[in-house]
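Engineer: Take a look at the following structure, please.
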Amino acid sequence: MLAFPLKYIYITQTFKKNVHNGVDMRGQNRGEEVPIYAPEDGTVIGVKNNYQTQDSSGNSYGNYIKIQHDNGLITLMAHLKYNSINVKIGDKVKFGEQIAIMGTTGHSTGVHLHYEVFVNNVKQDPLLYTYIYPNQQIDTNSAKYVKYTTKVSPAEKDEKINQIKANISSLSIRKEPSETSERVGLLEKNKYYNFYEEKKGETYDWYNIGQNLWVANQGESVTVYRRVDEDKVDQEETNYKFKYIVEETNNYMIKLNKGETLYIK
Ligand SMILES: [Zn+2]
Numbered sequence: 016m017l018a019f020p021l022k023y024i025y026i027t028q029t030f031k032k033n034v035h036n037g038v039d040m041r042g043q044n045r046g047e048e049v050p051i052y053a054p055e056d057g058t059v060i061g062v063k064n065n066y067q068t069q070d071s072s073g074n075s076y077g078n079y080i081k082i083q084h085d086n087g088l089i090t091l092m093a094h095l096k097y098n099s100i101n102v103k104i105g106d107k108v109k110f111g112e113q114i115a116i117m118g119t120t121g122h123s124t125g126v127h128l129h130y131e132v133f134v135n136n137v138k139q140d141p142l143l144y145t146y147i148y149p150n151q152q153i154d155t156n157s158a159k160y161v162k163y164t165t166k167v168s169p170a171e172k173d174e175k176i177n178q179i180k181a182n183i184s185s186l187s188i189r190k191e192p193s194e195t196s197e198r199v200g201l202l203e204k205n206k207y208y209n210f211y212e213e214k215k216g217e218t219y220d221w222y223n224i225g226q227n228l229w230v231a232n233q234g235e236s237v238t239v240y241r242r243v244d245e246d247k248v249d250q251e252e253t254n255y256k257f258k259y260i261v262e263e264t265n266n267y268m269i270k271l272n273k274g275e276t277l278y279i280k
């Protein structure tokens, strides 16, 4: 999924199909020209950077950036400040990288960002695909527009607790362990999360990371770290550590049960 392209989220106009095909946002203070960030990893596929004026009519985006993201979505950010765009067509951008500054070029009446999301080349409501990340803050009055606001705080890596690490930046958190269940948030890439329960679904393994919060392992999307408890032998585990240390050259015989592995160091 995508992050909002701003640190502080203040929504001034929402999506209305064929009337306003994007979401408008301004800075925390009216007129503030704030940095614009890439909502996700991707490749720049469109740039206009030399538009100097604000027009009161027409449909001009003014200066804009269009990005093809690795997750298949396309985003467009418009009315950017003249000459503030620091990427060009073909450039790879990284999630969270600053790419421009908010402005009021094109069909705009004040400093703001017009933000569009294309799904299969059709403009859809960006708020259905965009999340608030933990390093972002939403204005109190804008919170009602944003659907997915679940933030699960990452944990420290801890061998005594079952954990998963998110390997992708678009991993959804859902209410139930099912891919049709409501999406309520997302995990941060490369961060650890405690999990408390596992469920095998038809397609994915699911991990419970909190009350009504489930994450799917879609192949390589998470790494699973199971609790290490050397004093307790868990019969479910196929491997566990023996604490035998061979100090003399005598003969030892250790009987292994089926599925057990002996590690000697
Ligand atoms: Zn707009």
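The numbering of the sequence shown is our numbering, which starts it at 16 and goes up by one. Idealized CB from N, CA, C, for every residue including glycine. Every value quoted in this text rests on a predicted model; they were computed, and no experiment measured them.
(1) Could you say which of Asn223, Val199, Gln178 and Ile104 lies nearest to Lys206 if we only look at CA atoms?
(2) DSSP puts Ile100 in a beta bridge; with which residues?
(3) Note down the Cα distance separating Tyr130 from Asp106, rounded to an integer number of angstroms.
(4) Does any residue of chain C have a CB that is nearer than 8 angstroms to the CB of Asn136?
(5) Going by DSSP in three states, Leu228 sits in which element: helix, strand or coil?
(6) Can you list, in chain order, the residues of its chain whose CB lies under 8 angstroms from that of Asn182, leaving out five sequence neighbours each side?
(7) Is Tyr76 closer than 8 angstroms to Asn53 when the C-beta atoms are compared?
(8) Given a threshold of 16 other Cβ atoms within 10 Å of its Cβ, counted over all protein chains shown, does Val248 qualify as buried or as exposed?
(9) Beta-carbon distances below 6 angstroms to any heavy atom of ligand 1 define the shell here; list its residues in chain order, please.
(10) Could you tell me which of Ile176, Thr119 and Pro192 sits nearest to Arg41, measuring between CA atoms?
(11) Take the Cβ of Tyr208 as the centre, count every other Cβ of all protein chains shown within 10 Å, and call the residue buried at 16 or more, exposed below.
(12) At the level of alpha carbons, what is the spacing between Pro141 and Tyr219?
(13) By Cβ distance below 6 angstroms, which residues in the same chain neighbour Lys214 in space, the five residues on each side in sequence not counted?
(14) Could you say which of Ala115, Gln152 and Gly200 lies nearest to Glu48 if we only look at CA atoms?
(15) Given this structure, state the Cα-to-Cα distance separating Val34 from Lys138, to the nearest angstrom.
(16) Can the beta-carbon of Ile80 be found closer than 8 angstroms to that of Gly61?
(17) For Gly216 and Thr195, I'd like the C-alpha separation in whole angstroms.
(18) Can you look up Ala53 in the DSSP assignment and give me helix, strand or coil?
(19) Look at Ile51 and Leu91 and say whether their C-beta atoms are less than 8 angstroms apart.
Structural biologist: In short:
(1) Gln178
(2) Its beta-bridge partners do not exist; DSSP assigns none.
(3) 20 angstroms
(4) In the structure shown, chain C cannot be found, because there is only a single protein chain.
(5) Three-state result, Leu228: strand.
(6) Around Asn182: Lys204, Asn205, Glu235, Ser236, Val237 and Thr238.
(7) The amino acid at residue 53 is misidentified as Asn; the sequence shows Ala. The answer is no: Cβ separation not under 8 angstroms.
(8) Because Val248 carries a pLDDT of 49, less than 50, the predicted location of this residue cannot be relied on, and the following value inherits that uncertainty. The residue in question, Val248, is exposed, as its Cβ has fewer than 16 Cβ neighbours within 10 Å.
(9) Gln28, His35, Gly37, Asp39 and His129
(10) Minimum Cα distance to Arg41 is reached at Thr119.
(11) buried
(12) Distance between the alpha carbons of Pro141 and Tyr219: 27 angstroms.
(13) Pro192 and Trp221
(14) For Glu48, the nearest C-alpha among the options comes from Ala115.
(15) Those two C-alpha atoms are separated by around 11 angstroms.
(16) Cβ distance < 8 angstroms, so Ile80 and Gly61 count as in contact.
(17) Cα to Cα, the separation comes out at about 12 angstroms.
(18) coil
(19) no
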